[in-house]
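Report on the structure given below.
Structure (structure tokens):
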């Protein structure tokens, strides 16, 4: 009996501490691959709309849009990860991500993905480190791998994705 | 009961600096011969509120210092002391000192004690010199003190202003309340009572020294005085603190009226700061630091307008949604009306929001009377400063960035422009020179003029000097305007010798650069022997720009209207190709490089590929002219500048972005950046 009670208690404690060892990700697809971003970084999900092109930037930086008065850059993740181009349709999805920079200012960026699939609940312990594929495939944005219902989801590091922009300047200079 | 005092610090500093400005301008305007009582009152009040505030927040150094100033001013106010130039100068010095102290405290730096003490000493010398003449007024009797029980208790010096009774406050009632807190000893000082003839029974001429023994807290006492705070001088001191100062030889109790005890205010109030607060203030220092960065005081009128406008907007919105709910074609008129109303309200709303950022130019101008006063004394010149249009409003950023260039221009006028009194008389001009600072609106711009009636710029001297310095060659032909503009060139100084007033490193070239970086320009009009006018032309705000939208393919760009010289269709015979690389075209007698927008920005959809098919917009970027080759000009419009860098990064050739009427984003071109880009 006493054991049972203890079990119940621990279960309850587990429930309360969900944020501690479980994280939620928004998963989306790019071609056949499935990626996930920390759901706390997702500001909103929009459909694709024409952007204003920015001259002389890498092709994956599609341009900027007006998001309720803020100028927000749009990055094509397919292009970014070298997955080939897919024509934009009204069903193409833009995930608007948000993060804080070191100077505590929030930065917003939209990423173009094929489709949003699910919100997944992942136990932190089960997240595997990103495998090293050598130099051929860039894994710098991948934080880890999680498997959900036999599918592998690559978890992206949003901060790195967004910081990419500032690195771009140094590269160009 | 711990209120976060730090949140009020910013307000206190703002008010104090405002108070300092009032004191300064008041002091400068004091006429020695005929002193305006109200003017002194104003100065006194400003000093008083600084003292009060600093006491409240535990800045004891400031309140002590201000107290001495206040005492001096008080005597002037009562006519007990003559207003002398010396006294005014000492007070002016003290204002500076206070300013320094407050700035130091605000920035959490160390206060320069030596400086403070020397000013304080000066003030005290000024003060005591006077007091020595009327020693009779000083009957300093040792404090009446209840034997201290466990060291608990407070000593209060309470001197109501003359008009306190008129506000309905009755000291007796307050004392009754106080007596509930502990054992109360009341000692009245009726020294201030005038002769029976002059006595106005509605005025309060008494002051009191109170002592309360008991376990009450400071808050409890101040609460009682809350209502009269503005109508009296009062100071509280813990008996613990004064215990060692007091001879406990006299102990009288519960007498309503005592022997006359004239309390020298100078000895009592400096200790008015409760010893508890400084520590508290210190612990909250960190939180103030971030808050101190940027704030703006807005006229409540402006906010009211804004609230009104939002109200209107909400009404229009609900009206529109009503129309939309059951829309039939016969309600089209209603819809159109609603939309035009919406448009009007939105525009008004935008204008009033913009107005919030607007500050009167007097924020900059107000520092000049002092500057002119000090400099003219130093230079032995007689100068009158005239300020015109101080209420002209301009964007906060512009105001902040404008003050340094203006100081430089005014210094220049003082030093080089206006002549010595003797020279002026010899030239048949009034002995006193005039410098006018004028601000007014012209179109979407604000114009600020610094005008003097001095000797004017000598074209010949300028020319000779420029040749001497190798800035121009001897056969260069210059128009008047170009000649005057020589003074903006780096390394050019018209002063025969450098003084510490001008020639301090900030040259006119820096002034011009600053003004240009604000999107403005600077112009000189001068007449030899009559004077010089320097006019600064600035955009009203940095957030809105007059732009020309252009089309390149299916992309839209905005060119700042100020950068555009003209737009032309060019013909083949005007075009020259330079070694297969660059292209130039002839505009009258000038050859200008052509920047093809479609190739520099890689626009695939551009329609005009041949130079004769499109348009060339001649632009001026930091003195360099060039022609931008575009498909078409679309229209002029005011655009709101948005930062690209907030979420993205800097893009070469682009200074920002804006949102067009259809919600899409257009880039604002940065002409100097484009020129750099095309040179790569």
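Protein chains in written order, with our numbering: chain D, 46 to 218; chain H, 14 to 693.
Using N, Cα and C, we set each Cβ at its ideal position, and we do this for glycine too.
| field | Beta-carbon contacts of residue 206 (chain H) that lie in its chain and below 8 angstroms, excluding the five residues immediately before and after | value | By 1-based counting over the second chain, the position of residue 206 (chain H) is 193. For residue 206 (chain H), where only same-chain residues beyond five positions count, the Cβ hits under 8 angstroms are 212, 218, 219.
| said: Between residue 225 (chain D) and chain H, is any beta-carbon pair separated by less than 8 angstroms? | reply: The structure shown does not extend to residue 225 (chain D), since chain D is modelled only from 46 to 218, so the question has no answer here.
| request: Tell me, please, whether the stretch 386-395 of chain H touches the stretch 332-349 of chain H by the rule of three or more beta-carbon pairs shorter than 8 angstroms. | output: no
| field | Contact under 8 angstroms by Cβ, residue 454 (chain H) with residue 410 (chain H) | value | The count along the second chain starts at 1 and reaches residue 454 (chain H) at position 441. The count along the second chain starts at 1 and reaches residue 410 (chain H) at position 397. No. Outside cutoff.
| request: Identify each residue in the stretch 614-627 of chain H for which the Cβ-Cβ distance to at least one residue of chain D is less than 7 angstroms, and report them in chain order. | output: 614, 615
| query | Where do the ends of the beta strand (DSSP E) carrying residue 699 (chain H) lie? | reply | Within the shown structure, residues of chain H are numbered from 14 to 693, placing residue 699 (chain H) beyond reach of any answer.
| field | C-alpha gap between residue 170 (chain H) and residue 251 (chain H), whole angstroms | value | Looking up residue 170 (chain H) in the second chain gives position 157. Looking up residue 251 (chain H) in the second chain gives position 238. Approximately 12 angstroms, taken between the alpha carbons.
| field | Any alpha helix (DSSP H) of 4 or more consecutive residues that is wholly inside the stretch 104-137 of chain H | value | none
| query | residue 199 (chain D) and residue 105 (chain D): beta carbons closer than 8 angstroms? | reply | Position 154 of the first chain, counting from 1, holds the residue named residue 199 (chain D). Position 60 of the first chain, counting from 1, holds the residue named residue 105 (chain D). Their beta carbons are not under 8 angstroms apart, which means residue 199 (chain D) does not touch residue 105 (chain D) by this criterion.
| How big is the Cα-Cα spacing for residue 369 (chain H) and residue 186 (chain H)? | For the purposes of this step, residue 369 (chain H) is taken as residue 356 along the second chain, with counting starting at 1. For the purposes of this step, residue 186 (chain H) is taken as residue 173 along the second chain, with counting starting at 1. Roughly 45 angstroms between the two C-alpha positions.
| Cross-chain neighbours of residue 111 (chain D) in chain H, by beta carbon under 8 angstroms | Position 66 of the first chain holds residue 111 (chain D). Neighbours of residue 111 (chain D) on chain H, chain order: 672, 676, 677, 678.
| message | When you compare the CB of residue 532 (chain H) with every CB in chain D, is at least one pair closer than 8 angstroms? | response | Position 519 of the second chain, counting from 1, holds the residue named residue 532 (chain H). Output row for residue 532 (chain H): interface = no.
| task | Using a cut-off of 7 angstroms between C-beta atoms, extract the partners of residue 98 (chain D) located in chain H. | result | Start at 1 with the first residue of the first chain, and residue 98 (chain D) comes out as number 53. Within chain H, the residues near residue 98 (chain D) are 568.
| Does the beta-carbon distance from residue 157 (chain D) to residue 137 (chain D) come in below 8 angstroms? | Position 112 of the first chain holds residue 157 (chain D). Position 92 of the first chain holds residue 137 (chain D). Against a cut-off of 8 angstroms, the Cβ pair of residue 137 (chain D) and residue 157 (chain D) comes out as a contact.
| Same chain, Cβ closer than 7 angstroms to residue 382 (chain H), five either side skipped, listed in chain order | In the second chain, residue 382 (chain H) corresponds to position 369, counting from 1. Same-chain partners within the cutoff: 38, 41, 398.
| said: Between residue 665 (chain H) and chain B, is any beta-carbon pair separated by less than 8 angstroms? | reply: Protein chains in the displayed structure are D and H, and chain B is not among them.
| the stretch 571-584 of chain H / the stretch 667-684 of chain H touching (three or more Cβ pairs under 8 angstroms) | yes
| field | Residue nearest to residue 435 (chain H) in terms of C-alpha spacing, selected from H:634, H:445, H:103, H:427 | value | If you number the second chain from 1, residue 435 (chain H) lands on position 422. Here the closest residue by C-alpha is H:445.
| message | Cutting at 8 angstroms between CB atoms, please list the residues of its own chain near residue 86 (chain H), excluding the five before and the five after it. | response | Residue 86 (chain H) sits at position 73 when you count from the first residue of the second chain. These residues qualify, in order along the chain: 53, 56, 57, 60, 104.
| message | Quick check: what's the CA-CA separation for residue 163 (chain D) versus residue 328 (chain H)? | response | Within the first chain, numbered from 1, the residue matching residue 163 (chain D) stands at position 118. Within the second chain, numbered from 1, the residue matching residue 328 (chain H) stands at position 315. Cα-Cα distance, rounded: 41 angstroms.
| query | With a cut-off of 8 angstroms, does the C-beta of residue 118 (chain D) fall near any C-beta of chain H? | reply | Along the first chain, one-based indexing puts residue 118 (chain D) at 73. Interface residue, yes.
| task | Can you tell me which of the three DSSP states residue 177 (chain H) falls into? | result | Start at 1 with the first residue of the second chain, and residue 177 (chain H) comes out as number 164. Coil, per DSSP.
| request: Starting from residue 57 (chain H), follow the alpha helix (DSSP H) in both directions and report where the run begins and ends. | output: What you label residue 57 (chain H) is simply residue 44 of the second chain in a count that begins at 1. 50-70 is the extent of the alpha helix (DSSP H) around residue 57 (chain H).
| request: Compare the C-beta of residue 655 (chain H) with all C-beta atoms of chain D and state if any pair is closer than 8 angstroms. | output: Residue mapping note: residue 655 (chain H) aligns to position 642 of the second chain, counting from 1. Answer yes: the Cβ-Cβ gap between residue 655 (chain H) and chain D drops below 8 angstroms somewhere.
| message | Can you confirm whether residue 696 (chain H), when its beta carbon is compared against all beta carbons of chain D, has any partner nearer than 8 angstroms? | response | Nothing in the structure corresponds to residue 696 (chain H), since chain H is present only between 14 and 693.
| query | Helix, strand or coil: which one does DSSP assign to residue 446 (chain H)? | reply | Counting from 1 along the second chain, the entry for residue 446 (chain H) is found at position 433. In this structure, residue 446 (chain H) counts as strand in the three-state DSSP scheme.
| task | With a 10 Å radius around its C-beta and 16 neighbouring C-beta atoms as the bar for buried, classify residue 462 (chain H) as buried or exposed. | result | Here the question's residue 462 (chain H) lines up with position 449 in the second chain. Per the 10 Å Cβ criterion, buried.
| Distance, Cα to Cα, residue 440 (chain H) vs residue 494 (chain H)? | For the purposes of this step, residue 440 (chain H) is taken as the residue at position 427 of the second chain. For the purposes of this step, residue 494 (chain H) is taken as the residue at position 481 of the second chain. Those two C-alpha atoms are separated by around 25 angstroms.
| query | Would you report the Cα separation of residue 322 (chain H) and residue 420 (chain H), rounded to the nearest angstrom? | reply | Residue mapping note: residue 322 (chain H) aligns to position 309 of the second chain, counting from 1. Residue mapping note: residue 420 (chain H) aligns to position 407 of the second chain, counting from 1. If you take the alpha carbons of residue 322 (chain H) and residue 420 (chain H), they lie about 39 angstroms apart.
| request: Use the C-beta contact count for residue 25 (chain H): other C-beta atoms within 10 angstroms, 16 or more gives buried, fewer gives exposed. | output: Translated into the one-based positions of the second chain, residue 25 (chain H) becomes position 12. When all chains shown are included, residue 25 (chain H) counts as buried.
| Beta-carbon separation of residue 528 (chain H) and residue 535 (chain H) under 8 angstroms? | Translated into the one-based positions of the second chain, residue 528 (chain H) becomes position 515. Translated into the one-based positions of the second chain, residue 535 (chain H) becomes position 522. Yes, Cβ-Cβ distance for residue 528 (chain H) and residue 535 (chain H) is below 8 angstroms.
| How many whole angstroms separate the CB atoms of residue 550 (chain H) and residue 692 (chain H), which I take to be in contact at a CB cut-off of 8 angstroms? | The count along the second chain starts at 1 and reaches residue 550 (chain H) at position 537. The count along the second chain starts at 1 and reaches residue 692 (chain H) at position 679. The Cβ separation is near 29 angstroms, so there is no contact.
| Do you know how far the Cα of residue 112 (chain H) is from the Cα of residue 595 (chain H)? | Working through the second chain from its first residue, we reach residue 595 (chain H) at position 582. Working through the second chain from its first residue, we reach residue 112 (chain H) at position 99. Answer to the nearest angstrom: the Cα atoms are 58 angstroms apart.
| request: Using 10 angstroms around the beta-carbon of residue 114 (chain H), count the other beta-carbons present and answer buried if the total reaches 16, otherwise exposed. | output: Taking the second chain and counting its residues from 1, the one referred to as residue 114 (chain H) is at position 101. Label assigned to residue 114 (chain H): buried.
| query | the stretch 127-145 of chain D: which residues have C-beta closer than 8 angstroms to a C-beta of chain H, in chain order? | reply | none
| request: Report buried or exposed for residue 590 (chain H), applying the criterion of at least 16 other Cβ atoms within 10 angstroms of its Cβ. | output: Taking the first residue of the second chain as 1, we reach residue 590 (chain H) at position 577. With fewer than 16 other Cβ atoms within 10 Å, it is exposed.
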